[in-house]
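Okay, so here's the structure we're looking at.
In our numbering, the protein residues as written are 184 to 341.
Shown next as structure tokens:
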């Protein structure tokens with residue numbers, strides 16, 4: 184189902200384009216301006232009569248996020264207020280209730296500092312003779328005995 188359409192020829196299209204591009208201007212009807220101005224004045228008169236009625240902007244719905252943010256802000260404000268109160272009250276509580284607690288100066292004055300000699304005198308120090316006599320019971324003789332056992336076992340097998 185195709186219809187045969189008559190298309191414009193190239194010459195006719197060129198003439199149509201020249202006509203559209205030429206200085207022929209189309210103007211609006213002369214009564215349009217008057218009609219638009221009359222319409223505007225009528226609307227203004229209606230608005231003046233109904234001046235006691237105002238348009239109310241639509242109210243935003245309170246979202247859940249807004250409420251949770253408000254609760255968060257209140258919590259932060261409360262914690263800040265509590266911290267300031269604790270800072271203000273703590274010095275007075277400490278003076279009254281902590282009378283039996285020693286101060287830093289009391290502890291330092293009661294501390295006994297021992298000299299280096301006193302500390303070193305508690306550590307047992309072996310003399311040279313003690314060290315030499317311990318060598319007979321120490322690691323070196325044990326190693327020598329192990330080597331001898333290995334040599335004996337080696338020579339017995341050969």
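No residue lacks a Cβ here, since even glycine has one placed at the ideal position from N, Cα and C.
In this text, all values refer to a predicted model and were calculated from it rather than measured experimentally.
Does DSSP put residue i in a helix, in a strand, or in coil?
i, result
"residue 306", "coil"
"residue 187", "coil"
"residue 227", "helix"
"residue 213", "coil"
"residue 233", "coil"
"residue 328", "helix"
Measuring straight from C-alpha to C-alpha, what distance separates residue i and residue j?
i, j, result
"residue 303", "residue 330", "40 Å"
"residue 217", "residue 198", "36 Å"
"residue 283", "residue 251", "47 Å"
"residue 195", "residue 187", "19 Å"
"residue 184", "residue 191", "Low local confidence applies: a pLDDT of 42 at residue 184 is under 50, so the model's placement there is unreliable, with the coordinate-based value given in what follows. So the two alpha carbons sit approximately 22 Å from each other."
"residue 352", "residue 306", "Outside the displayed span of the chain (184 to 341) sits residue 352, for which this structure offers no information."
"residue 276", "residue 293", "27 Å"
"residue 231", "residue 259", "50 Å"
"residue 226", "residue 233", "11 Å"
Segments of 4+ residues assigned as alpha helix (DSSP H) that fall wholly inside the stretch 242-299: 247-280 and 287-293
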